[in-house]
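Encoded as structure tokens, the structure appears first; notes follow it.
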Amino acid sequence: MTDVVVVESPAKAKTINKYLGSGYTVLASFGHVRDLPPKDGSVRPEEDFAMDWSSEDRGEKQVREIAQALKAGHAKRLYLATDPDREGEAISWHVREMLESRRALKGVEVHRITFNEITKRAIQHAIEHPRELDVPLIDAYLARRALDYLVGFTLSPVLWRKLPGSRSAGRVQSVALRLITDREAEIEVFRAREYWTVEAGLQTPAGAPFTARLTHLEGRKLEQFDLPDEAAALRAKALVEGGRFSVSSIEKKRVRRNPPPPFTTSTLQQESSRKLGFGAQATMRLAQQLYEGVDIGGETVGLITYMRTDGVQMAREAMMGIRDHVKSAFGENYLPAAPREYASKAKNAQEAHEAIRPTDVTRTPQDVARYLNPDQRRLYELVWKRAVASQMQSAEMDQTAVELDDAGGKARLRATGQVIAFDGYLKLYREDIDDSRQEADDEAKTLPPMAEGEQPRRGEVTASQHFTQPPPRYTEASLVKKMEELGIGRPSTYASILQTLQDRDYVRLESRRFVPEDRGRLVTAFLISFFEQYVDTGFTATMEEKLDDISGGRADWRQVMHEFWDQFRAAVDATKDLKISDVIDALDEDLGPHFFPPGEGGTDPRACPVCQTEHRMGGRLGLRLGRTGAFIGCSNYPECRYTRPLAVPVEGEDASNDGPRTLGTDPETGQEVSVRRGPYGLYVQLGEPGTDEKGKPTKPRRASLPRGMDPETLTPERALALLNMPRIIGLHPETGEEITANLGRFGPYLKMGALSQSLTPGDDVLSIGMNRAVEMLANAKPRGITLGNHPQDGAVVEVKRGRFGPFAQHGNLVASLPRGVQMEDFTLDQAVALLAEKGKPLPAKKGAAGRKAPAKKAAAAPSAEAAPKKASAKTAKPAAKAPAKAAAKPATKKAAAKPAAKPAAKRSG
């Protein structure tokens with residue numbers, strides 16, 4: 001008899017299996033085994049927020065394996081050992097529900113166990129101290145999941161209908177986007193203000209130099225802008241140069257600086273970004289690897305505790321182990337008299353878990369470095385040093401301030417310095433801050449010994465000009481810190497939120513700082529105009545507090561959901577009669593100053609350059625919305641067809657450059673070659689639209705300019721070369737296959753048979769040669785491989801590389817390859833078996849009139865089997881038995897045409 005333990009990942013399962021021995025079977029759920037299907041109706045507010053859950057093939061397979069293990073081992077106990085947080089609790093609940101629906105838990109005791117670290121001691125302690133599933137935590141998961149689903153599936157369609165070109169909206173994602181766009185708006189309206197400072201170089205009677213700054217002038221303390229220009233600064237400088245200064249006071253004090261607490265999820269992401277340059281996603285991925293364990297001397301060892309936490313406390317045993325290490329490694333002077341206890345100051349903090357710390361402090365970064373890759377080593381060293389430093393003695397600083405008065409009382413100078421009297425925890429760890437360089441300079445700045453009444457010799461006096469700086473754009477670290485301070489979302493979801501904003505082209509990272517794209521500004525302006533409450537930081541933080549009340553058993557999740565949904569539904573209903581023109585007017589008013597900054601010499605930034613050139617009256621630029629999104633167009637349309645992309649014009653740039661510019665003529669056809677700007681950027685065009693012999697309209701040939709190609713230096717020859725793509729480079733010297741260079745949807749690329757490879761920014765699609773092409777294609781992976789002919793009909797069977805991974809295809813039938821299987825290793829027999837078991841028909845392509853083309857009979861057969869199978873995955877609301885004929889009935893046209901938003905991330909906020 002063997003009991004069964006279920007964890008989330010296979011790496012964790014392998015490690016735990018070694019610790020528990022032969023009496024247990026440890027299996028992985030691979031994360032969530034089921035989720036809300038991405039379609040309307042999965043959450044039904046009118047039915048007290050009933051939910052339909054569905055599981056994909058992977059989830060069904062994992063639960064089937066767990067059920068088989070329970071049966072084969074005659075198990076008496078099932079231990080649900082998923083991660084110790086809300087998502088982990090939810091996964092355990094889903095596993096239990098699915099097993100119960102299979103009637104696989106008869107006579108089996110179900111226990112929930114958690115552990116904060118993957119060590120033998122922690123695992124055995126968890127097995128000995130099981131508990132029941134935490135119902136309030138599961139309720140909080142259900143509320144959060146329903147909330148994110150309803151916001152996404154209700155708000156996103158409004159965006160699609162009223163703001164073409166937008167992607168989607170999310171509850172926390174939209175608030176994070178607003179923080180970025182609001183900061184950008186602050187920067188745009190910021191106007192630098194000039195101010196000056198005066199400093200004097202001085203020497204003590206003993207000859208030691210130091211510097212002092214002017215702080216008082218003519219009996220009045222100087223504020224930042226009291227020397228507003230060079231004239232005022234030079235007058236102050238002259239007073240200092242004419243004065244005789246003596247030391248009027250010396251103030252010395254010793255200050256203590258306490259070490260920072262050990263890492264939480266949020267502070268780890270912040271410090272990893274600042275010190276190591278890792279993004280939030282990369283940090284969490286590396287931390288997961290360190291938590292699940294690495295191979296050290298043939299044994300898989302978990303190196304850090306669970307990395308999703310907002311608690312800063314540590315287990316007593318861990319604290320004492322760190323203190324012992326500090327004493328032996330640094331001496332008693334570096335050990336405080338008592339262990340340091342920490343409490344989180346973050347809003348909505350849940351102190352359910354320990355801080356992130358090493359599982360064994362004696363495994364120093366130097367000892368484990370050879371077992372880790374460079375990124376793992378750097379992150380482990382950061383976690384280890386921070387945890388150890390948190391239990392070290394405070395640093396002590398001697399700060400000195402010296403004031404020097406002019407004998408005439410017209411000016412006062414002040415010099416400051418700081419010396420580290422005892423380094424304490426700074427011997428091991430310094431917390432990085434944005435102005436860390438200035439901090440380091442201040443710590444290194446010392447003042448020579450002086451006495452009151454001394455008269456130092458004056459050296460050079462300098463007047464320096466300064467300008468105030470705009471607020472900085474958010475980095476990943478500063479944005480995570482801001483969200484945590486405001487109580488928006490949960491720390492474990494920040495990484496996925498920031499990545500989603502980039503994936504949807506709402507923001508971009510530029511020099512490691514977030515810059516909002518115009519698409520993101522439009523979405524934010526729309527939401528503020530029509531859904532302001534739901535992108536308000538205070539409202540979102542209050543919602544987080546209610547969700548925390550649910551997890552603490554202080555609130556009913558359905559009641560909280562009803563309160564939210566009634567108001568939210570009313571706000572959405574209020575936009576039903578909203579016209580596109582109303583949206584345009586609101587956005588134009590809100591974003592007008594951004595897209596139309598004041599012109600030089602008082603010129604009207606909204607005046608249409610084409611209308612002015614052609615002396616057409618009334619041409620005014622404004623925001624316009626098309627099928628592909630927003631752009632800037634002229635009010636005189638259709639007489640004036642001037643447009644430009646949604647972007648701020650560069651200062652000093654002639655807006656008329658956005659119109660067509662003739663490069664020359666094609667020697668073969670005599671047609672004009674021009675460069676133009678369209679909604680998707682710059683392109684070259686041959687000729688103009690016309691009609692063929694039958695009177696049907698014809699489109700001219702066009703080609704996009706690759707990124708980095710300067711339109712100002714573009715020659716007619718290079719433009720024609722782009723229009724004549726693809727370009728044949730030659731035959732591969734070994735295989736004899738033809739290599740071509742071409743322009744694709746995602747930029748320039750090389751192609752040879754089934755291989756393709758995108759060009760790097762330094763390669764020119766028009767001039768790349770054979771040697772470079774062969775070098776790049778050597779690392780390319782094939783888009784598709786022909787395995788052979790199907791034994792039944794002789795049609796070709798292929799494996800292809802798709803957007804969501806490799807898949808097998810036979811005619812119109814496709815099936816995803818199992819996780820971890822490489823397409824190069826897949827055989828024809830495996831593909832035939834996979835397609836027979838899991839093959840699904842490709843969606844029918846639409847015909848010319850927009851109607852779905854009739855499906856082939858061969859492809860229709862599997863769908864009849866697939867429909868009831870999918871329906872059986874729903875467990876929250878079992879469907880009544882229906883005749884087989886009804887099960888095979890295709891979906892209605894209305895349901896098929898309805899757009900479905902992407903489901904929220906698994907660990908969504």
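The letter at position 893 of the sequence shown is residue 893 when you use full-length UniProt numbering, and the numbering goes up by one with no holes.
A virtual CB, placed ideally from N, CA and C, is assigned to each residue, including glycine.
For Phe210, the CB contacts under 7 Å within the same chain, skipping 5 residues up- and downstream, are Leu202, Ala415, Leu447 and Pro448 in chain order. Ile322 is classed as buried because its beta carbon has at least 16 other beta carbons within 10 Å across all chains shown. For Arg102, there is no enclosing beta strand (DSSP E), as DSSP marks it with neither H nor E. Contact between the region 520-540 and the region 588-597 is established, with three or more Cβ pairs separated by less than 8 Å. In the DSSP secondary-structure assignment, Arg458 is bridged to Leu202. Val774 places its beta carbon 8 Å or farther from that of Pro748. Between the C-alpha atoms of Leu70 and Pro136 there is a straight-line separation of about 28 Å.
Spanning the alpha carbons of Leu682 and Arg718 requires a straight line of approximately 14 Å. Taking C-beta separations shorter than 8 Å and ignoring five residues to either side along the sequence, the partners of Ala555 in its chain run Lys546 and Asp549, following chain order.
DSSP places Cys608 in the coil class of the three-state scheme, outside both helix and strand.
Look at the beta carbons and you see the region 457-469 not touching the region 499-516: under three pairs across the two are nearer than 8 Å. Secondary structure remark: continuous alpha helix (DSSP H) runs of at least 4 residues inside the region 164-243, in chain order: 171-189 and 230-242. Residue state for Tyr506 is assigned as coil, using DSSP reduced to three classes. Under the 10 Å beta carbon count, Glu824 is surrounded by fewer than 16 other beta carbons and is classified as exposed. Contact between the region 459-470 and the region 247-264 is absent, with fewer than three C-beta pairs closer than 8 Å. Counting C-beta atoms within 10 angstroms of its own C-beta, Gln391 has 16 or more neighbours from the protein chains shown and is therefore classed as buried.
If you ignore the 5 residues before and after Gln376, its C-beta comes within less than 8 Å of the C-beta of Leu286, Gln289, Leu290 and Val294, all in its own chain and listed in chain order.
Residue burial annotation: Tyr637 is exposed, with fewer than 16 other C-beta atoms found within 10 angstroms of its C-beta. For Met770, the number of other beta carbons within 10 angstroms of its own is below 16, and it is reported as exposed. Taken in chain order, the complete alpha helix (DSSP H) segments of 4 or more residues contained in the region 526-559 are 537-551. With 16 or more neighbouring CB atoms inside 10 Å of its own CB, Ala176 falls in the buried class.
Beta-bridge partners assigned by DSSP to Cys634: Leu621. Beyond the five residues adjoining it in sequence on each side, Pro228 comes within less than 7 Å, by CB distance, of Glu194 and Tyr195 in the same chain, given in chain order.
Ala570 and Glu614 have their C-alpha atoms roughly 49 Å apart. By the CB criterion at 8 Å, Ala81 and Ala126 fall inside the cutoff. The beta-bridge partner set that DSSP reports for Ala28 consists of Val7.
His94 counts as buried, since at least 16 other C-beta atoms from the protein chains shown sit within 10 angstroms of its C-beta. Between Val361 and the set Gly409, Thr305, Val402 and Ile113, the nearest pair of CA atoms involves Thr305. Contact check for Phe530 against Thr468 fails: the beta carbons are separated by 8 Å or more. Listed as beta-bridge partners of Leu686 by DSSP are Val673 and Arg701. Rounded to whole angstroms, the gap between the alpha carbons of Gly552 and Glu132 is 15 Å. Between the region 82-93 and the region 265-275 there are fewer than three inter-stretch CB-CB distances shorter than 8 Å, so the stretches are not counted as touching. A direct Cα-to-Cα measurement between Lys221 and Pro472 gives close to 29 Å. For Ile728, the enclosing beta strand (DSSP E) starts and ends at Arg727 to Leu731.
Take Leu78, set aside five residues on each side of it, and the residues of its chain with a beta-carbon closer than 6 Å to its own are Val4, Val108 and Val110, in chain order. Inside the region 764-849, DSSP marks whole alpha helix (DSSP H) runs of 4 or more residues at positions 770-777 and 828-838, from first to last along the chain.
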